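Participant: Dropping a structure here in structure tokens format, bear with me for questions.
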């Protein structure tokens, strides 16, 4: 049980980190730069929301198999942790990206314009103006992606199979117990998992409240 | 400072203007006043002198938009410090210069509109700009704050030898500047000191912008060394003007409402003025600010503005029949480009 | 700071494979006997850690074909081993048992059915079976229904599970009956909630359980040998499997 739980939290944490690293610059770019085809790109990035997780997982599996388009490039990630990591990133991307974009859209572009005329360089702009303004939204989005990944089942099952220690995350582990008719263990595992996830999310939220600056 | 800027998007503009001391930029809504400021600040692509081709970070310009654009999560002091190099400059001193020394630790949300503007000003000055740009700085202020703001700007401009370009639609603000430019159709239609523009607007549209509401048509019937005589309906009006339109020409002319004078029974008019007297009836009377606004009907529909003390003495009432005189010196001929 | 580092370390290390590991992909019907078999095997080979994943034989064979990292495949039917063998994936194979199909019925069915025909006669009864596309027990179930002449009648009321173990679970929650493997019907949870009837072996193709090595290693080979050992065979018998 511990192995499955640790795997779930590891997957969720690493997915959240990747989304933070990739999603923030992407969201900033989408929020502040208008270019031809922007709407098309935004729609494409939201696509995983509309796809059934099993469908998404299946196509990813095909791509990552040794003879698939990605597998042939050396990304032989079918049934491995990197594979479900990739799947989770794609699947949770719309959640994180939407939250990040909203956070950036809350910035008054006029303020950014004027700050530029004050001779403030890019690094200082990010450090003193942009990040303090958006970090609550960024945190929310990341937490959302984390929580979403914790509960992920379909994508992980299809891309990762059910390999203990590698891709058997908590959600699959519990499902397995039910299927094996071991209901007592299933109840126990589910209760522990929900309690852990809840405690984690609650803790992050409390920290966020405490760190908030007066802008609110 | 001489500025010459040309842009195509979002508006076509080709502006040449001298900015000296406090300079007002007047123009109808949508004429591109804010666009010009943004182009000068480098926020819109444009070609021109000075600063042309430089990104906003490299332009020594102070730009204050209508919303002041203060960073909401930084205090007044921190906002000013943004424009200064790390650990350098004198942010508290700058706040003191604009009279906000005691408010350094306050956040923008805790300051009044006028105070926020002063913080934005201090911040812009921290940049040691060569040109200051203000977009409608007084439209959100009450009359007292407006005067205080203009006083502050005047003193700063003088002390720092800093040209200040103020976009405004308020004639009072324009009247307090030493130079005025009128933006119309993407070019400066007229530029000069405020009196020049207000008393002698070059075109009828500019006239309307500066509150010149009595605009009429007439025909030149005499031309002499001091001026011309216009035939207006049944009347002949003498006009003192350097312009020499040809005889028979139809011209547009006007007179400011403040300069329509009431003929008083106890004060006889000198002979030279007798020609320009009109008998009219007071059609409407309205209190306007500290004075009174009249609509007079007769041979011409005239608007007249009288200060309170004059009305107190004259005691005009609606439906009264009076005589007004249009002094030849105050009648203004518009260029016939209209 | 120390706890932070420790938990980060744990996080990174979680899920990394152990030194001598053996990964089994097993047909779902084996999930009652296999834990005990594995336990015995691990005592005999203390240096090997065994991990098991269950599923329908067909589903597992497809995963293996796609590169899933299993060492030994335990199929509920030789045909899926054939499938992998044709693709050159099998290095050793051995039939180790024969399975039996039973009709399990919930306590709710009163009186309990005497045979398949009797079951079909009950109005509105829902019967769970493993998906015949992927599961040998599912195919066997349909075969028996046809043999009893009740397939047409029951076809509309069949509920298809992803594998035979899930079909058993459905019998506990929602379905009134299920055609499943004998070991599953003997699971305490099911025994408490109903009963079962053995079905004639002649109504379906024999359910030979076959093991195949799909990734060669000393441990894989030794596991195959173990399955043929007297001790393993005894355990299999105890859970309701016949000798091959």
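Residue numbers (this note's numbering), protein chains in the order written: chain D, 1 to 216; chain B, 217 to 554; chain H, 555 to 798.
For every residue, glycine included, the Cβ atom is placed at its ideal position computed from N, Cα and C.
Note that the coordinates shown come from a computational prediction; the quantities given were computed from them, not determined experimentally.
1. Out of 185/D, 205/D and 42/D, which one is the CA nearest neighbour of residue 2/D?
2. Verify the CB distance criterion: does residue 335/B have a CB-CB separation below 7 Å to chain D?
3. Does any CB atom of chain D fall closer than 7 Å to the CB of residue 741/H?
4. Below 8 Å, can you find three or more Cβ-Cβ pairs linking the stretch 630-643 of chain H to the stretch 678-696 of chain H?
5. With a threshold of 7 Å between beta carbons, is residue 201/D in contact with chain H?
6. Are residue 291/B and residue 395/B closer than 7 Å when you measure CB to CB?
7. Considering only their Cβ atoms, is the gap separating residue 189/D from residue 174/D smaller than 7 Å?
8. Below 8 Å, can you find three or more Cβ-Cβ pairs linking the stretch 634-644 of chain H to the stretch 711-720 of chain H?
9. Can you tell me whether residue 92/D is buried or exposed, with buried defined as 16 or more other CB within 10 angstroms of its CB?
10. Measure from the C-beta of residue 161/D to each C-beta in chain E and report whether the shortest distance is under 7 Å.
11. Flag residue 754/H as yes if its beta-carbon sits less than 7 Å from any beta-carbon of chain D, otherwise no.
12. Going by CA-CA distance only, name the one from 370/B, 467/B and 311/B that's closest to residue 297/B.
13. Considering only the beta carbon of each residue, do residue 731/H and residue 793/H sit closer than 7 Å?
14. For the stretch 323-355 of chain B, which residues have a CB atom closer than 7 Å to at least one CB atom of chain D, in sequence order?
15. Out of curiosity, what's the CA-to-CA distance linking residue 593/H and residue 600/H?
16. Return the CA-CA distance between residue 619/H and residue 28/D, expressed in angstroms with no decimal places.
17. Listing by chain order, which chain D residues have their CB less than 8 Å from the CB of residue 404/B?
18. Considering residue 694/H, what are the terminal residues of the alpha helix (DSSP H) in which it resides?
19. Determine the burial state of residue 288/B: buried for a count of at least 16 other Cβ atoms within 10 Å of its Cβ, exposed for fewer.
20. How big is the Cα-Cα spacing for residue 460/B and residue 264/B?
21. Work out the CA separation of residue 285/B and residue 322/B for me, nearest whole Å.
22. Taking residue 142/D and residue 96/D to be in contact with their CB atoms under 8 Å, please state how far apart those CB atoms are, rounded to whole angstroms.
23. Per DSSP, what are the beta-bridge partners of residue 862/H in this structure?
24. Apart from the five residues on each side of it in sequence, which residues of its chain come closer than 8 Å, Cβ to Cβ, to residue 330/B?
25. If we call anything under 7 Å between Cβ atoms a contact, is residue 448/B one with residue 464/B?
26. Run through DSSP, which three-state label would residue 473/B get?
27. Rounded to whole angstroms, what's the CA-CA distance from residue 706/H to residue 19/D? Just pull it up for me.
28. Excluding five sequence neighbours on each side, which residues of the same chain lie with their C-beta closer than 7 Å to the C-beta of residue 161/D?
29. On the three-state DSSP scale, how would you describe residue 645/H?
30. Between 530/B, 505/B and 314/B, which has its C-alpha nearest residue 479/B's C-alpha?
31. How long is the line joining the alpha carbons of residue 475/B and residue 522/B, rounded to whole angstroms?
32. The beta strand (DSSP E) that contains residue 234/B, what's its start and end?
33. Go through its chain and collect everything with a Cβ distance to residue 724/H's Cβ below 7 Å, but skip five positions before and after it.
34. Let me check understanding here. Comparing Cα to Cα, which of 259/B, 267/B, 512/B and 493/B lies closest to residue 220/B?
35. Is any beta-carbon of chain B found at less than 7 Å from that of residue 235/D?
36. Just the C-alpha distance for residue 763/H and residue 152/D, rounded to the nearest angstrom, thanks.
Facilitator: This is what the structure gives:
1. Sequence index remark: in the first chain, residue 2/D carries index 2 (1-based). Closest option to residue 2/D, Cα to Cα, is 185/D.
2. Start at 1 with the first residue of the second chain, and residue 335/B comes out as number 119. Not an interface residue.
3. The count along the third chain starts at 1 and reaches residue 741/H at position 187. At least one chain D Cβ lies under 7 Å of residue 741/H.
4. yes
5. On the first chain, position 201 is the one that residue 201/D refers to. No, residue 201/D lies away from the interface with chain H (no Cβ there is under 7 Å from its Cβ).
6. The sequence position of residue 291/B within the second chain is 75, counting from 1. The sequence position of residue 395/B within the second chain is 179, counting from 1. No, the pair does not count as a contact, with Cβ atoms beyond the cut-off.
7. Stepping through the first chain from its first residue, residue 174/D is reached at position 174. Stepping through the first chain from its first residue, residue 189/D is reached at position 189. For residue 174/D and residue 189/D, yes; Cβs fall inside 7 Å.
8. no
9. For this step, residue 92/D is matched to residue 92 along the first chain. Flag for residue 92/D reads buried.
10. Absent from the structure: chain E. Protein chains present are D, B and H.
11. Residue 754/H sits at position 200 when you count from the first residue of the third chain. Not an interface residue.
12. In the second chain, counting from the first residue as 1, residue 297/B sits at position 81. Checked all of 370/B, 467/B and 311/B; the closest Cα to residue 297/B is 311/B.
13. Mapped onto the third chain, residue 731/H falls at position 177. Mapped onto the third chain, residue 793/H falls at position 239. No. Outside cutoff.
14. 323, 339 and 343
15. As a working mapping, residue 593/H is identified with position 39 in the third chain. As a working mapping, residue 600/H is identified with position 46 in the third chain. About 10 Å.
16. Walking along the third chain from the start, residue 619/H turns up at place 65. Walking along the first chain from the start, residue 28/D turns up at place 28. The alpha-carbon atoms of residue 619/H and residue 28/D are separated by roughly 43 Å.
17. Start at 1 with the first residue of the second chain, and residue 404/B comes out as number 188. Within chain D, no residue comes near residue 404/B; the closest Cβ sits about 23 Å away, beyond 8 Å.
18. Here the question's residue 694/H lines up with position 140 in the third chain. 690-701 is the span of the alpha helix (DSSP H), which, as asked, contains residue 694/H.
19. Taking the second chain and counting its residues from 1, one reaches residue 288/B at position 72. Residue 288/B should be labelled buried.
20. Working through the second chain from its first residue, we reach residue 460/B at position 244. Working through the second chain from its first residue, we reach residue 264/B at position 48. If you take the alpha carbons of residue 460/B and residue 264/B, they lie about 37 Å apart.
21. Your numbering for residue 322/B matches position 106 in the second chain. Your numbering for residue 285/B matches position 69 in the second chain. The alpha-carbon atoms of residue 322/B and residue 285/B are separated by roughly 16 Å.
22. Against the first chain, residue 142/D aligns to sequence position 142. Against the first chain, residue 96/D aligns to sequence position 96. That pair is a contact at about 6 Å.
23. Here chain H covers residues 555 to 798 and nothing more, so residue 862/H does not appear.
24. Indexing the second chain from 1 puts residue 330/B at position 114. Here the set comprises 357, 361, 364 and 365.
25. The residue labelled residue 448/B in the question sits at position 232 within the second chain. The residue labelled residue 464/B in the question sits at position 248 within the second chain. Against a cut-off of 7 Å, the Cβ pair of residue 464/B and residue 448/B comes out as no contact.
26. As a first step, residue 473/B must be located in the second chain, where it is residue number 257. Looking at residue 473/B - three-state DSSP - the assignment turns out to be helix.
27. Taking the first residue of the third chain as position 1, residue 706/H is located at position 152. Taking the first residue of the first chain as position 1, residue 19/D is located at position 19. The alpha-carbon atoms of residue 706/H and residue 19/D are separated by roughly 52 Å.
28. The count along the first chain starts at 1 and reaches residue 161/D at position 161. Only 79 and 167 meet the Cβ criterion.
29. To locate residue 645/H, count along the third chain from 1; it is residue 91. Residue 645/H falls in the coil class under three-state DSSP.
30. Residue numbering aside, residue 479/B sits at position 263 when the second chain is read from its first letter. Measuring from the Cα of residue 479/B, the nearest candidate turns out to be 530/B.
31. The residue given as residue 475/B occupies position 259 in the second chain. The residue given as residue 522/B occupies position 306 in the second chain. If you take the alpha carbons of residue 475/B and residue 522/B, they lie about 9 Å apart.
32. The residue given as residue 234/B occupies position 18 in the second chain. Note, residue 234/B: beta strand (DSSP E), 229-234.
33. For this step, residue 724/H is matched to residue 170 along the third chain. Once the five neighbours on either side are set aside, the close Cβ partners of residue 724/H are 682, 713, 715 and 732.
34. As a first step, residue 220/B must be located in the second chain, where it is residue number 4. Checked all of 259/B, 267/B, 512/B and 493/B; the closest Cα to residue 220/B is 267/B.
35. Chain D is shown from 1 up to 216; residue 235/D falls before or after that span and cannot be answered.
36. Reading the third chain from its first residue, position 209 is the one you call residue 763/H. Reading the first chain from its first residue, position 152 is the one you call residue 152/D. Going from the Cα of residue 763/H to the Cα of residue 152/D covers about 33 Å.
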